[in-house]
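Residue numbers (UniProt numbering): 1 to 279.
Built from N, CA and C at the ideal position, the CB exists for glycine as well.
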Amino acid sequence: MTLLWRLVGMILVVPLIMGPWVSPSSLLFVHGAHSRLSYVVRRREREPQFDQSIATFNKEGRLLQVEYGSTASEKGSPAVVVSGRGDDTLIVAKSKEQVFQLDRDVLMVASGLLGDAQWLAGILRQYCQKFRSQYQEPPTLQDVAQYAADLGHLLTRQGGLRPLGCAVILVSTTAKENPIQIGQAGAVETDRSLLAIGKGREDIVKALSDTLASRKWNKGKHEDGTQNSAVLKATVQSMNLKDEETVVLWKIHPSSDGASNSKKSLITCLVNVDKQSCQ
């Protein structure tokens, strides 16, 4: 009975005394030969937590918070930008809320968490306004892209903040610059006539690249119509839309002097296109 009461007392008292450091499940009781009952305390290794520091690598060398943001951007509605030097630039998206006007000659196409995209658009609009006020000229597409990339990288290494859950493509309404895609952690991809973001973007790029290559994109008109109609048809088909789903089309046609009345062009060229009309 004495040994039993001693065992009960240790089970009840030790967790109260050492509670801040160990839990009852981490206590290991052992019996020594010809000795009194003793106990050994073992600390359990903590499991990695979801809300760990944003700048802390896990054991595999990964920044989990950055990957969470990248996953959120890849689950958004797809958007495609197709451009050719001296030709029209086409923007195809699932909804008009995915396109933001940052400056007179700069647009932003977003996919992922639209709340994050709206916040980013507001920051970039302020940057464009300050740039005009300071230098008396509008910022170039590369200037805006560099600022957005620096901001995206800052959000991956500063405590109290989190990476953006969206991916964006910056588009110039003039014929001077190619679209620029900005991914997670400030990654920039440019000098491409075809860019896609959102769900299934890799499949869209592959399918559309094969179609554009077979139609000899950037070499005049196609056999079955203009470049715009051929590209639009291929884009809608590559997005794997359901029968009741539609997409929104923006067509940017730069003027001969390099300027573009982008706002007017965007409004007049905003149309809903369904899957049936492109078959």
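Mark residue i as exposed unless 16 or more other C-beta atoms lie within 10 angstroms of its C-beta, in which case mark it buried.
i, result
"Phe-100", "buried"
"Gln-181", "buried"
"Ala-79", "buried"
"Arg-201", "buried"
"Gln-158", "exposed"
"Gly-61", "exposed"
"Thr-156", "buried"
"Lys-264", "No answer about Lys-264 holds up, because its pLDDT of 38 lies below 50 and its placement is not dependable."
"Ala-234", "buried"
"Gly-160", "exposed"
Less than 8 Å between C-beta atoms, sequence neighbours within five positions excluded: which residues of the same chain meet that for residue i?
i, result
"Ser-95", "Ser-77 and Val-248"
"Glu-177", "Thr-140, Leu-141 and Gln-142"
"Tyr-127", "Pro-139, Val-144 and Tyr-147"
"Glu-97", "Leu-114"
Return the chain-ordered list of same chain residues with a C-beta closer than 6 Å to the C-beta of residue i, the five sequence neighbours on each side being excluded.
i, result
"Cys-166", "Ser-73, Ala-110, Gly-112, Leu-113, Asp-116 and Ala-117"
"Thr-89", "Ser-83 and Ile-252"
"Trp-21", "Its pLDDT being 48, under 50, Trp-21 is placed unreliably by the model, and the measurement read from it follows with that caveat. Excluding sequence neighbours, Trp-21 sits near nothing in its chain."
"Leu-195", "Val-81, Ile-169, Pro-179 and Gln-181"
Measure the C-alpha to C-alpha separation of residue i and residue j and round it to an integer number of angstroms.
i, j, result
"Lys-199", "Leu-241", "12 Å"
"Leu-64", "Arg-162", "11 Å"
"Thr-173", "Thr-190", "16 Å"
"Ile-169", "Arg-104", "16 Å"
"Glu-223", "Thr-246", "With a pLDDT of only 43 at Glu-223, under 50, the local geometry of the prediction cannot be trusted, and the value read off the model is given with reservation. Distance between the alpha carbons of Glu-223 and Thr-246: 26 Å."
"Thr-71", "Ile-197", "12 Å"
"Asp-243", "Tyr-68", "31 Å"
"Lys-75", "Leu-107", "22 Å"
"Ala-213", "Gln-134", "44 Å"
DSSP beta-bridge partners for residue i?
i, result
"Met-108", "Phe-100 and Leu-170"
"Gln-181", "Ile-169 and Glu-189"
"Val-81", "Ile-91 and Leu-195"
"Leu-120", "Leu-120 is not bridged to any residue."
"Lys-251", "Leu-90"
In chain order, what residues of the same chain have a beta carbon less than 7 Å from the beta carbon of residue i, not counting five sequence neighbours either side?
i, result
"Leu-164", "Gly-69, Asp-116, Leu-120, Gly-152 and Leu-155"
"Arg-132", "Pro-138"
Any chance the stretch 131-139 sits against the stretch 206-213, with 3 or more Cβ pairs inside 8 Å?
no
Tell me, please, whether the stretch 119-132 touches the stretch 143-152 by the rule of three or more beta-carbon pairs shorter than 8 Å.
Touching, per the Cβ criterion.
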